[in-house]
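Numbering (the UniProt record's numbering), first residue to last: 1 to 309.
Have a look at this one:
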């Protein structure tokens, strides 16, 4: 009786197994389809901008693809005002990126590696510029500069951009530091490496992709900002302000060229940084291998040599 019951149950079990595998297959495919749709939604505007950079519009107010041309890439600056605005935005973005990256990286190291009073409050305050609407941030900075008697212009834009970019740098670098394996640094110091050598050859290569990503994010935010810049620019015209003014009479197709070039450069830098970070991580991992296998670690400065128990 038991053998007959087992024989009757075996086809049902096989059918249930096939149903489970089929449902998992459809679930995996559904997740993949949703992911592809989300990626398409995110990158579709970039693809449109890249396509329009090769377009010769029929009129200044036309955004339909009319005729393929390379003239926009041969002459990326439509007017001298546009070239000046692009260069000025690049200068502001570079200065704001350097300032925000240096300040934000130091703050991230302090918040992750050290314990001190008020640390939780500082972590909370870092998110305020990110959560504050740009309209409020721009008017607040304008009131600050006016009350201090600082004339609006190039440097007030740089100061304003550094202020709201620091938060993004701190959050990005903190995430990279929090995910780093501290045992690699400990293994390097066990092998008689000084603190500077450990930082230069272990810590910095592992954190560098996060720093580069934070710098690219800061530059993009600075180059693209319009609201805060508009409140604190004075007579200075940046590239977003030029595009805003040109929208009333027709945006030149060269604007799409500049946007496509910026995206390509950022993508290249992120790829190179990720590749370099992966190589540095693979090169640093063998350093911690002896300690991880239970081998006796050499006695470094301030450490006592121990053997396997």
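Think of the CB as a built atom: it goes at the ideal place given N, C-alpha and C, for glycine as much as any other residue. Just so you know, these numbers come straight off a predicted model, no measurement behind them.
Relative to the alpha-carbon of residue i, which residue among the options has its alpha-carbon at the smallest distance?
i, options, result
"residue 227", "244, 187, 214, 200", "244"
"residue 96", "151, 218, 193, 256", "218"
"residue 104", "220, 75, 210", "210"
"residue 224", "24, 46, 89, 182", "89"
"residue 109", "190, 271, 37, 179", "179"
"residue 205", "44, 47, 272", "272"
"residue 222", "70, 156, 37, 35", "156"
"residue 348", "229, 182, 57, 275", "Given a span of 1 to 309 for the chain in the structure shown, any question on residue 348 remains unanswerable."
"residue 229", "149, 145, 190", "145"
"residue 181", "149, 121, 113", "113"
"residue 123", "37, 174, 29, 83", "174"
Considering only their Cβ atoms, is the gap separating residue j from residue i smaller than 8 Å?
i, j, result
"residue 141", "residue 160", "yes"
"residue 260", "residue 50", "yes"
"residue 137", "residue 164", "yes"
"residue 188", "residue 172", "no"
"residue 237", "residue 85", "yes"
"residue 76", "residue 270", "no"
"residue 55", "residue 65", "yes"
"residue 119", "residue 106", "no"
"residue 48", "residue 99", "no"
"residue 239", "residue 46", "no"
"residue 234", "residue 153", "yes"
"residue 242", "residue 81", "yes"
"residue 170", "residue 126", "yes"
Can you tell me where the alpha helix (DSSP H) holding residue i begins and where it ends?
i, result
"residue 93", "80-113"
"residue 239", "239-246"
"residue 231", "227-232"
"residue 74", "71-74"
"residue 223", "204-224"
"residue 120", "119-126"
Can you round the beta-carbon distance between residue i and residue j to whole angstroms, since I take them to be within the 8 Å contact cut?
i, j, result
"residue 92", "residue 166", "Not a contact, Cβ separation roughly 15 Å."
"residue 168", "residue 214", "7 Å"
"residue 128", "residue 253", "The pair is not a contact, with the Cβ atoms about 39 Å apart (cut-off 8 Å)."
"residue 247", "residue 216", "Between residue 216 and residue 247 the Cβ distance is about 26 Å, and since that is not below 8 Å, they are no contact."
"residue 207", "residue 177", "6 Å"
"residue 139", "residue 231", "6 Å"
The ligand ATP and residue i: does the residue's C-beta get closer than 7 Å to at least one heavy atom of that ligand?
i, result
"residue 223", "With respect to the ligand ATP, the structure offers nothing, as it holds no ligand at all."
**Request:** Could you name each continuous alpha helix (DSSP H) segment of 4 residues or more that falls completely within the segment 133-195, going from the start of the chain to the end?
**Result:** The segment 133-195 contains these whole alpha helix (DSSP H) runs: 134-147, 154-178, 182-190.
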